[in-house]
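A.B. asks: This is the structure I have questions about; it appears just below.
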């Protein structure tokens, strides 16, 4: 390709006379330059030709080893200069080490095809719902349920997500024997039978041996199947185990299923019976407890209702404002801990040489929290039916109990922390003094510590009398006072009047009732199941306040633990509700003997 002509800008700037005068000298210089350039070009062309020859020789030498499918450099056009040929040879030489092999070139179209198929599959699956991964990973399991699991939680069939469930025939036989009567166990047995009947009805034309889909009745989030034992299973148990016992038959079914499992599923036994799980592990059969009924895995994570503010809280707080409304003081602020606060949660600030703060969160707006300063029920002028708070947590409890905007209060704590006394004092003050409520209704779970003494004579209240010893002890203290004279408090109400405003009810007759303008106390709530707690709390009508209290360390109901107790259930579910509050009483105030026994025994 010919070179473009040189620019003539300098010649254009010279005048005609100057151009003619400069022509001879310019021509002489141009001739010398042309001769020199021709010599340089000849030398460069000679060197380039030599390099090109060497490069072509190398290409020919390597062409015998490079496969025919390899890409060869394009031939230079005839009009190209020697420099162009040299550049092409140099580029080809530089590209030779990176030249792909024939195998790579043949596999490249397949790779592109695979990527295209993968992109197509991703596009098709983009609209599909990705299932939530199970805690056990991607491996699917087959759970064999013991009868006590079904009787403990009638909805347990829908709590295993994508895993399958197997029910032995002996489990169905035990369900049939437990469905009679009016107890909680009998009601749960009947509910399980109705659930199984609904699943079978939804699969009329399906063989039971093929499995029933657990989401056929409309339950979402369950993708597993339910299998019934339709044929006898052959198994061998140690001769020391009685062959006719139901627990041993279930163990044998699990052992047989593990031996004949062909889909790679892990077969596990789920039972609430500790001895059953121990025997299963002794036989080499994996067994687990039923954990879906537990609200919390770790009891230390239970909501306490109070939070201590750090020492640098006021230094880090922003936009602090304070104002007065009636007899209450309020603070509005932003800080690093506002995202951890809940409605009706207590906060306190205690530091040496600084004023203390005891407040309750009454409003949360984004990262701004509104705190209400608490009334000090520890002072004599703010006593409740003659009772004063002896510690910080008792003051928190009385603020919840005396607040008409709080409809549901839960209190936990060890024995002797004052749960029953504070609740009764607040109830009497609001029933007899302020007349906010018409009467006090008190109930509790009738679960004995030792052996049952049998049927009790009399009316409902007389039958409940032996269970209400705590009520009598606290009423005696509230009616007479520590000095033994009720007139010291200026109370005109007698013991008969106090008892006339307190009704004792049994849990067995709560179904269908509605409490209007009542102060309801549920004592020993740790012995109630979540279902029983729901039955009691839903009895509340307009103007009713419900107080649940108990000690989670003293559970007497079988198969009920601290994590699955109804009291733990409501504490976790009601936290942060605008009209509910919780406080955990930490320090005992009954006596030094009771406090020491609670710590060391």
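In our numbering, the protein residues as written are 39 to 639. Ideal Cβ positions, reconstructed from N, Cα and C, are used throughout, including at glycine.
So which of 426, 457, 375 has the shortest CA-CA distance to residue 409?
C.D. replies: For the residues 426, 457, 375, the minimum Cα distance to residue 409 belongs to 375.
A.B. asks: Which full runs of the alpha helix (DSSP H) of 4+ residues lie inside the region 324-394, going along the chain?
C.D. replies: Qualifying alpha helix (DSSP H) stretches, in chain order: 351-354.
A.B. asks: For the beta strand (DSSP E) that contains residue 407, what are its first and last residues?
C.D. replies: 406-411 is the span of the beta strand (DSSP E), which, as asked, contains residue 407.
A.B. asks: Straight-line CA distance for residue 521 to residue 423?
C.D. replies: Because the pLDDT at residue 521 is just 42, under 50, the model does not fix this residue reliably, and the point stays unresolved.
A.B. asks: CB-CB under 6 Å to residue 616, same chain, minus the five flanking residues each way: which ones, in chain order?
C.D. replies: 381, listed in sequence order.
A.B. asks: Distance check for residue 272 and residue 294, CA to CA, integer angstroms please.
C.D. replies: In a straight line, the C-alpha of residue 294 is about 6 Å away from that of residue 272.
A.B. asks: Among residues of its own chain, excluding the 5 on either side of residue 555, which ones have a beta-carbon nearer than 6 Å to its beta-carbon?
C.D. replies: 475, 476, 581.
A.B. asks: Considering only the beta carbon of each residue, do residue 449 and residue 623 sit closer than 8 Å?
C.D. replies: Yes, Cβ-Cβ distance for residue 449 and residue 623 is below 8 Å.
A.B. asks: I'd like to confirm the pairing. Which residues does DSSP put opposite residue 621 in its beta bridges?
C.D. replies: BP columns for residue 621 point to 449.
A.B. asks: I need the boundaries of the alpha helix (DSSP H) containing residue 191, first residue and last residue.
C.D. replies: Premise fails: residue 191 is in no alpha helix (DSSP H) and is neither H nor E.
A.B. asks: Taking all protein chains shown into account, decide if residue 113 is buried (16 or more other Cβ within 10 angstroms of its Cβ) or exposed.
C.D. replies: Confidence at residue 113 is low in this model, with a pLDDT of 39, below 50, so the placement of that residue is unreliable and no value is reported for it.
A.B. asks: When you compare only the Cα positions, how much space is there between residue 445 and residue 553?
C.D. replies: If you take the alpha carbons of residue 445 and residue 553, they lie about 13 Å apart.
A.B. asks: Return the CA-CA distance between residue 290 and residue 578, expressed in angstroms with no decimal places.
C.D. replies: Whole-angstrom Cα-Cα distance: 49 Å.
A.B. asks: Taking 7 Å as the cut-off, does the CB of residue 426 come closer than this to any heavy atom belonging to the ligand MG?
C.D. replies: The ligand MG is absent from the structure shown, which contains no ligand whatsoever.
A.B. asks: Beta-carbon within less than 7 Å of residue 512's beta-carbon, same chain only, minus the 5 sequence neighbours each way: which residues are those?
C.D. replies: Taken in chain order, the residues that qualify are 458, 459, 462.
A.B. asks: Pull up the distance between the alpha-carbon of residue 344 and that of residue 610, whole angstroms please.
C.D. replies: If you take the alpha carbons of residue 344 and residue 610, they lie about 14 Å apart.
A.B. asks: What does a CB cutoff of less than 6 Å around residue 618 pick up in its chain, not counting 5 residues either side in sequence?
C.D. replies: 446, 612, listed in sequence order.
A.B. asks: DSSP three-state call for residue 317: helix, strand or coil?
C.D. replies: Three-state DSSP puts residue 317 in a helix.
A.B. asks: Can you tell me the Cα-Cα spacing of residue 348 and residue 358, whole angstroms?
C.D. replies: Rounded to whole angstroms, residue 348 to residue 358 spans 16 Å at the Cα level.
A.B. asks: Does residue 320 pass the burial test, meaning 16 or more other C-beta atoms within 10 Å, or should it be called exposed?
C.D. replies: Result: exposed.
A.B. asks: Quick check on residue 571: does DSSP put it in helix, strand or coil?
C.D. replies: Three-state result, residue 571: helix.
A.B. asks: Do you know how far the Cα of residue 415 is from the Cα of residue 192?
C.D. replies: Answer to the nearest angstrom: the Cα atoms are 45 Å apart.
A.B. asks: Excluding the 5 residues preceding and the 5 following residue 630 in the sequence, name in chain order all residues of the same chain whose CB lies nearer than 8 Å to its CB.
C.D. replies: The answer is none, since no qualifying residue turns up.
A.B. asks: Under the assumption that residue 203 contacts residue 262 (Cβ atoms under 8 Å), give the Cβ distance between them as a whole number of angstroms.
C.D. replies: Yes, residue 203 and residue 262 are in contact; Cβ-Cβ is about 6 Å, under 8 Å.
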